[in-house]
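A.B. asks: Chains as they are written, first to last, in our numbering: chain A, 38 to 351; chain B, 5 to 340; chain C, 248 to 560.
We put the beta carbon where it would ideally sit given N, CA and C, even for glycine.
Note that the coordinates shown come from a computational prediction; the quantities given were computed from them, not determined experimentally.
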Amino acid sequence: MNAKANKNQSSCIEPSYYQAVTQAIRTQAVQVLKDGTVAGVVGYLPGRRKGTARPALITTPEEAEKLIFSPACVNNLSVYLTKSKKGVLKQGRIGIVAKGCDMRALAGLMGESQIKREDLFIIAVDCAGVYGSRAERSESVTEANIARKCHECTVHHPEGADFVAGAATELSGLTPLEAEEMARIEALPQAERWAFWKEHFSRCIRCMACRQVCPFCYCEQCLCDKNRPQAVENSPRPAGNTAWHIVRAMHLAGRCGGCAECERVCPMDIPLNLLNRRMAKELKELYDYEAGLAPAEKGPLNQYKEDDDQSFIK
Amino acid sequence: MPQIITEQNLRNLIDLLVKESKVVVGPKQADSVVLYQPLAAGSELTLDSLPRRSAKELFFPICENILSYQRLDGKMQVTDVDRSRFPETVLIGAPPCDAASPAILDAVFSWDYNDEFYLERRRKSTIVGIACTQGDDACFCTAVGLAPDTDTGSDLFLTPLKDGSYACKAVTEKGKALVDAHARLFGEAASADAAPFAEQGTEKLDLVKIKKWLEGHFEDPLWEKISDICVGCGSCAFICPACHCFDINDEGSTEQGSRRKHWDACGFSKFTNHASGHNPRDVQNKRYRNRIMHKFKYYDDKFGRTLCTGCGRCVRACPVGIDIAEILSTINAKQD
Amino acid sequence: MGEGAIGNAYGHFPPPPPPPPQGGRELRHERESMCQSNNIYLPNLATIEAIVDETPDVRTLRLVFQDEQVRENFSFRAGQFAEYSAFGAGESTFCIASAPTRKGYIECCFRSVGRVTESLRRLEVGDTIGVRGPYGNSFPIEQFFGKSLVFIAGGIALPPLRTVIWNCLDLRDKFKDITIVYGARSEADLVYKRELAEWQQRDDVRLVKCVDPGGNGPDFDGKVGFVPNVLEEAAPSSENTVALVCGPPIMIKFTLPVLERLGFADDHIYTTLENRMKCGVGKCGRCNVGNVYVCKDGPVFTAGEVKAMSQEF
Numbered sequence: 038m039n040a041k042a043n044k045n046q047s048s049c050i051e052p053s054y055y056q057a058v059t060q061a062i063r064t065q066a067v068q069v070l071k072d073g074t075v076a077g078v079v080g081y082l083p084g085r086r087k088g089t090a091r092p093a094l095i096t097t098p099e100e101a102e103k104l105i106f107s108p109a110c111v112n113n114l115s116v117y118l119t120k121s122k123k124g125v126l127k128q129g130r131i132g133i134v135a136k137g138c139d140m141r142a143l144a145g146l147m148g149e150s151q152i153k154r155e156d157l158f159i160i161a162v163d164c165a166g167v168y169g170s171r172a173e174r175s176e177s178v179t180e181a182n183i184a185r186k187c188h189e190c191t192v193h194h195p196e197g198a199d200f201v202a203g204a205a206t207e208l209s210g211l212t213p214l215e216a217e218e219m220a221r222i223e224a225l226p227q228a229e230r231w232a233f234w235k236e237h238f239s240r241c242i243r244c245m246a247c248r249q250v251c252p253f254c255y256c257e258q259c260l261c262d263k264n265r266p267q268a269v270e271n272s273p274r275p276a277g278n279t280a281w282h283i284v285r286a287m288h289l290a291g292r293c294g295g296c297a298e299c300e301r302v303c304p305m306d307i308p309l310n311l312l313n314r315r316m317a318k319e320l321k322e323l324y325d326y327e328a329g330l331a332p333a334e335k336g337p338l339n340q341y342k343e344d345d346d347q348s349f350i351k
Numbered sequence: 005m006p007q008i009i010t011e012q013n014l015r016n017l018i019d020l021l022v023k024e025s026k027v028v029v030g031p032k033q034a035d036s037v038v039l040y041q042p043l044a045a046g047s048e049l050t051l052d053s054l055p056r057r058s059a060k061e062l063f064f065p066i067c068e069n070i071l072s073y074q075r076l077d078g079k080m081q082v083t084d085v086d087r088s089r090f091p092e093t094v095l096i097g098a099p100p101c102d103a104a105s106p107a108i109l110d111a112v113f114s115w116d117y118n119d120e121f122y123l124e125r126r127r128k129s130t131i132v133g134i135a136c137t138q139g140d141d142a143c144f145c146t147a148v149g150l151a152p153d154t155d156t157g158s159d160l161f162l163t164p165l166k167d168g169s170y171a172c173k174a175v176t177e178k179g180k181a182l183v184d185a186h187a188r189l190f191g192e193a194a195s196a197d198a199a200p201f202a203e204q205g206t207e208k209l210d211l212v213k214i215k216k217w218l219e220g221h222f223e224d225p226l227w228e229k230i231s232d233i234c235v236g237c238g239s240c241a242f243i244c245p246a247c248h249c250f251d252i253n254d255e256g257s258t259e260q261g262s263r264r265k266h267w268d269a270c271g272f273s274k275f276t277n278h279a280s281g282h283n284p285r286d287v288q289n290k291r292y293r294n295r296i297m298h299k300f301k302y303y304d305d306k307f308g309r310t311l312c313t314g315c316g317r318c319v320r321a322c323p324v325g326i327d328i329a330e331i332l333s334t335i336n337a338k339q340d
Numbered sequence: 248m249g250e251g252a253i254g255n256a257y258g259h260f261p262p263p264p265p266p267p268p269q270g271g272r273e274l275r276h277e278r279e280s281m282c283q284s285n286n287i288y289l290p291n292l293a294t295i296e297a298i299v300d301e302t303p304d305v306r307t308l309r310l311v312f313q314d315e316q317v318r319e320n321f322s323f324r325a326g327q328f329a330e331y332s333a334f335g336a337g338e339s340t341f342c343i344a345s346a347p348t349r350k351g352y353i354e355c356c357f358r359s360v361g362r363v364t365e366s367l368r369r370l371e372v373g374d375t376i377g378v379r380g381p382y383g384n385s386f387p388i389e390q391f392f393g394k395s396l397v398f399i400a401g402g403i404a405l406p407p408l409r410t411v412i413w414n415c416l417d418l419r420d421k422f423k424d425i426t427i428v429y430g431a432r433s434e435a436d437l438v439y440k441r442e443l444a445e446w447q448q449r450d451d452v453r454l455v456k457c458v459d460p461g462g463n464g465p466d467f468d469g470k471v472g473f474v475p476n477v478l479e480e481a482a483p484s485s486e487n488t489v490a491l492v493c494g495p496p497i498m499i500k501f502t503l504p505v506l507e508r509l510g511f512a513d514d515h516i517y518t519t520l521e522n523r524m525k526c527g528v529g530k531c532g533r534c535n536v537g538n539v540y541v542c543k544d545g546p547v548f549t550a551g552e553v554k555a556m557s558q559e560f
């Protein structure tokens with residue numbers, strides 16, 4: 038049902054592609070709302086400012102006519118399905134617009150029994166990429182303004198959706214910026230690597246945007262909010278900030294679907310997805326496991342097998 | 005002819021102030037972001053983008069010790085923070101939306117009880133504001149009564165001129181003293197053509213009308229409509245030049261440690277949670293309503309000021325694109 | 248930073264600045280106690296002199312200020328609150344539960360439900376805690392002179408009224424009839440049991456004690472029923488009478504209509520609000536109900552004032 042065959046490569050994605058996807062989403066959303074398949078659709082509406090978009094919870098066909106998909110549709114909307122955040126699912130079956138990277142989160146949440154497949158109508162987007170967080174919001178998407186995560190996207194053509202909008206053209210010849218940055222940091226001597234993260238964490242203001250947008254941060258009582266006993270310092274100081282980000286990275290290991298929302302929303306530009314990717318790499322090497330490819334009941338870190346790799350015990 | 009200072013002399017002024025052991029804070033590149041940070045030299049000043057966090061942290065830091073405690077020979081001792089050691093500080097390069105905020109916050113930190121942590125820093129600081137030439141479509145200072153060339157809150161105000169230098173206006177005695185002490189760096193202007201000021205993305209708002217609407221619409225479908233997508237993080241509050249809510253926490257053991265005052269945000273679900281578990285603002289739209297009410301009604305009720313400078317930071321930073329300027333326009337357009 | 252242990256220094260704040268330019272209710276009275284340091288967040292140190300367990304999870308601490316000057320000069324009015332700190336855990340807000348007419352000590356009463364209260368509970372006689380305050384407004388007791396008083400309290404909310412009750416009992420001849428209606432979920436949950444017995448003995452106080460149905464043991468000598476119903480049954484006269492109500496929101500909600508039926512006007516009904524607070528001095532921005540700061544404009548309000556507020560409790 039996806040368009041794997043269609044692998045046109047180009048150096049620029051034209052606005053017309055996003056317009057076509059928009060039209061397909063609208064048609065589909067209107068239909069499932071009209072025929073009662075879903076009680077609502079989580080999608081994107083245009084923002085006030087030119088070239089922006091925002092999430093929207095839509096319940097009428099009239100509103101669905103205004104849905105869009107543009108390079109500004111960066112949000113991973115699956116966050117609205119978890120009960121600790123928004124819990125829109127209590128309204129009945131919900132339609133959700135999802136890019137390939139967002140669908141990995143949906144798969145993960147299904148695996149963790151947070152949502153059920155039958156409660157969703159997934160309107161997937163065959164996605165060529167979205168804007169980087171502070172990119173120039175020009176009309177077309179190019180290597181210059183595409184998000185860093187999109188440089189290494191492996192899920193342009195999502196599978197397992199109820200409907201797929203568009204058949205994407207991928208940008209050609211993208212540099213794997215994040216992989217390069219990871220390699221660079223890993224090659225640093227330990228002290229410099231520590232200095233790199235220390236510098237970044239010192240800027241953290243503990244606004245918790247990283248946690249609040251994360252589909253997997255659905256704990257109703259976050260360790261970081263606990264004070265009896267207190268695990269992580271409450272006040273925004275480098276030590277507590279570091280503890281928080283390490284705890285979070287560990288808790289997401291084997292779960293994070295790589296949507297990089299945490300990094301996108303960080304007002305202090307802390308490259309949080311590097312941590313997530315590093316953990317993912319570890320999981321891949323240790324357990325040959327990749328999160329979010331398909332709903333898995335138990336990730337490698339929540340089960341015990343006798344033949345588990347134990348080489349990390351030193 | 006007005007006084008001017010060339011860009012080079014502005015940087016020289018920073019060097020001189022640093023030599024005088026003053027702390028000079030200005031926009032400075034820190035990795036990919038620009039932040040207000042202490043400048044080691046004039047060359048570090050960057051004036052081409054709005055710092056990611058506002059200048060309020062000079063007076064109201066993200067986190068500060070307000071006392072320390074230690075048990076000595078079985079007896080608890082509490083030690084005050086020596087505020088006389090707060091350094092003389094010059095803030096250079098704050099656009100009007102940042103320069104104006106301390107003047108707004110003075111009210112809350114000095115009514116009835118004086119928060120000397122804030123006030124001592126205020127007394128020891130001089131603010132050199134600069135007219136803004138680089139707004140974007142998130143800016144709305146003109147909508148809330150400021151403008152790219154408003155000198156409110158500045159002690160000395162600089163206006164960029166077309167020739168690259170800055171026209172200087174001493175707004176307060178502090179500003180005049182700064183100019184007088186370094187008079188040789190300031191010259192007379194040959195011409196005083198101001199560079200074009202920043203353009204604004206929104207129309208002017210009628211704050212009185214907005215407040216009146218808020219008074220009558222504590223309960224209104226609007227609140228749910230605008231905040232149903234809010235995920236409850238604190239980024240809007242933390243980077244805001246006017247948000248002043250804070251938390252007080254002890255960090256340490258029962259034997260020794262410190263008590264810290266640090267930023268808090270009304271969007272957090274636990275902000276008003278009672279020990280009993282009861283929460284007066286139990287859902288996000290009540291919390292978001294408080295944010296708008298506090299800024300455009302409550303603060304005005306109490307202190308006669310609007311708790312917003314229109315810097316647009318929250319508009320740019322909101323993870324889910326909630327746009328306060330758009331909300332204000334919506335309210336402004338309402339007939340009842 | 249932070250040289251010079253000033254420990255339990257105590258003296259006077261600079262005079263309060265003039266009232267805010269616009270709005271802002273008048274403070275009901277001036278603050279009296281003040282500190283040498285101008286750090287408004289600095290607590291005075293106090294020693295726990297006595298501990299009384301009121302119920303399995305409610306505890307009273309009797310506190311004596313360590314500094315002699317503070318001990319002598321600390322004064323407050325019934326209804327005011329303070330910030331009590333367990334060092335290492337933080338601060339918590341409770342009313343001052345003892346009467347201002349009893350000098351030399353103060354008492355606080357709390358249920359152990361959070362980080363700070365649990366830490367306070369771990370402290371023993373002789374240990375040190377921090378106290379900032381007194382803060383907020385108070386019950387205008389002088390205005391009650393010559394009137395009858397009806398106190399209505401539920402559960403852990405007796406302490407804010409107990410300060411007034413003793414204050415008034417210590418000035419007994421200034422008031423006419425004094426009625427106390429106090430209820431809790433069960434006998435075990437009634438706080439100040441010894442004082443309840445004392446009030447019951449007195450012939451110048453009418454105590455109506457009750458517990459929720461099912462909360463009474465075989466020997467319970469009070470009434471069985473919910474506070475609003477028991478109040479209606481007790482039917483104190485509203486003539487020249489002030490009612491002081493304190494309790495959980497649900498109790499308040501059902502008590503106010505009863506008082507109305509009994510003929511109490513809104514401005515003759517007083518209550519105290521409790522909201523989560525941190526600073527206690529009108530800065531930290533979390534105790535507000537609409538534009539009313541509970542820490543500064545309250546915690547004592549008349550029913551009329553409460554009704555005029557944005558309904559966000």
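What's the gap between the Cα of B/D305 and the Cα of B/A111?
C.D. replies: Going from the Cα of B/D305 to the Cα of B/A111 covers about 12 Å.
A.B. asks: Between B/I243 and B/R293, how many whole angstroms is the CB-CB distance? I'm expecting something under 8 Å.
C.D. replies: Rounded, the Cβ-Cβ distance is 20 Å, inconsistent with contact.
A.B. asks: My output table needs one value for C/G494: the three-state DSSP class, helix, strand or coil.
C.D. replies: coil
A.B. asks: Nearest to B/I252 by alpha carbon, out of A/P273, A/R285, A/G295?
C.D. replies: A/P273
A.B. asks: In chain order, what residues of the same chain have a beta carbon less than 7 Å from the beta carbon of B/I66, not counting five sequence neighbours either side?
C.D. replies: Closer than 7 Å at Cβ, skipping near neighbours: H266, W267.
A.B. asks: Got a sec: is the Cβ-Cβ distance from A/H306 to anything in chain B below 7 Å?
C.D. replies: The question names His, but residue 306 of chain A is Asp in the sequence shown. So yes, A/D306 belongs to the interface.
A.B. asks: If you run the structure through DSSP and keep just helix, strand and coil, what is B/S72?
C.D. replies: strand
A.B. asks: Under a three-way DSSP split, which group does B/D167 fall into?
C.D. replies: coil
A.B. asks: Just to confirm, is the Cβ distance from C/A435 to C/T302 under 7 Å?
C.D. replies: Their beta carbons are under 7 Å apart, which means C/A435 touches C/T302 by this criterion.
A.B. asks: In terms of DSSP beta bridges, what is A/A317 paired with?
C.D. replies: A/A317 pairs with nothing; no bridge assigned.
A.B. asks: Can you say whether B/E223 is buried or exposed, counting buried as having 16 or more other CB atoms within 10 angstroms of its CB?
C.D. replies: With fewer than 16 neighbouring CB atoms inside 10 Å of its own CB, B/E223 falls in the exposed class.
A.B. asks: So what does C/T488 bridge to, in DSSP terms?
C.D. replies: C/S395
A.B. asks: Could you pull the DSSP bridge partners for C/G401 from this structure?
C.D. replies: C/G430
A.B. asks: Interface residues of chain A around B/A321 at Cβ under 9 Å?
C.D. replies: What B/A321 touches in chain A: C244, A246, V302, P304.
A.B. asks: Which residues mark the beginning and the end of the alpha helix (DSSP H) in which A/N271 is found?
C.D. replies: Counting along the chain, A/N271 falls outside any alpha helix (DSSP H), and DSSP gives it neither H nor E.
A.B. asks: For a cutoff of 7 Å on Cβ pairs, would you count B/F201 as touching chain A?
C.D. replies: no
A.B. asks: Could one say the Cβ of C/R362 lies closer than 7 Å to chain A's Cβ atoms, at least one of them?
C.D. replies: yes
A.B. asks: I'd like to know whether the C-beta of B/R264 is nearer than 7 Å to at least one C-beta of chain A.
C.D. replies: yes
A.B. asks: Among the residues of its own chain, which have a CB less than 7 Å from the CB of A/P98, if the five just before and after it don't count?
C.D. replies: V67, L70, K71
A.B. asks: Quick one: what's got a C-beta closer than 6 Å to B/I108's C-beta in the same chain, skipping five residues either side?
C.D. replies: A246, R309
A.B. asks: Is the shortest distance between the beta-carbon of A/N278 and the beta-carbons of chain C less than 7 Å?
C.D. replies: no
A.B. asks: Let's see if you can read the secondary structure: which residues bound the beta strand (DSSP E) around A/A90?
C.D. replies: 90 to 95
A.B. asks: Measuring alpha carbon to alpha carbon, tell me which of C/E486, C/F467, C/M524, C/T375 ends up nearest C/S339.
C.D. replies: C/M524
A.B. asks: Measuring alpha carbon to alpha carbon, tell me which residue in A/G80, A/T179, A/K87 is nearest A/E100.
C.D. replies: A/G80
A.B. asks: Could you please give the first and the last residue of the uninterrupted alpha helix (DSSP H) stretch that includes B/G297?
C.D. replies: The sequence given here places Met at residue 297 of chain B; Gly does not occur at that position. Segment 288 to 297, the alpha helix (DSSP H) holding B/M297.
A.B. asks: Compute the Euclidean distance between the alpha carbons of B/C145 and A/D346, then round it to the nearest angstrom.
C.D. replies: 59 Å
A.B. asks: Counting only C-beta atoms, is A/N339 closer than 7 Å to chain C at any point?
C.D. replies: No, A/N339 lies away from the interface with chain C (no Cβ there is under 7 Å from its Cβ).
A.B. asks: Can C/A293 be considered in contact with the ligand MG, in the sense that its beta carbon sits closer than 6 Å to one or more heavy atoms?
C.D. replies: Ligands displayed in this structure: none; no statement on the ligand MG is therefore possible.
A.B. asks: From C/A550 to C/S395, what does the alpha carbon distance come to, in whole angstroms?
C.D. replies: 18 Å
A.B. asks: Which of the three DSSP states, helix, strand or coil, is assigned to C/N463?
C.D. replies: coil
A.B. asks: Below 8 Å on the Cβ atoms is my guess for B/C237 versus B/G271; work out the distance and round it to an integer in Å.
C.D. replies: Confirmed, Cβ separation roughly 7 Å.
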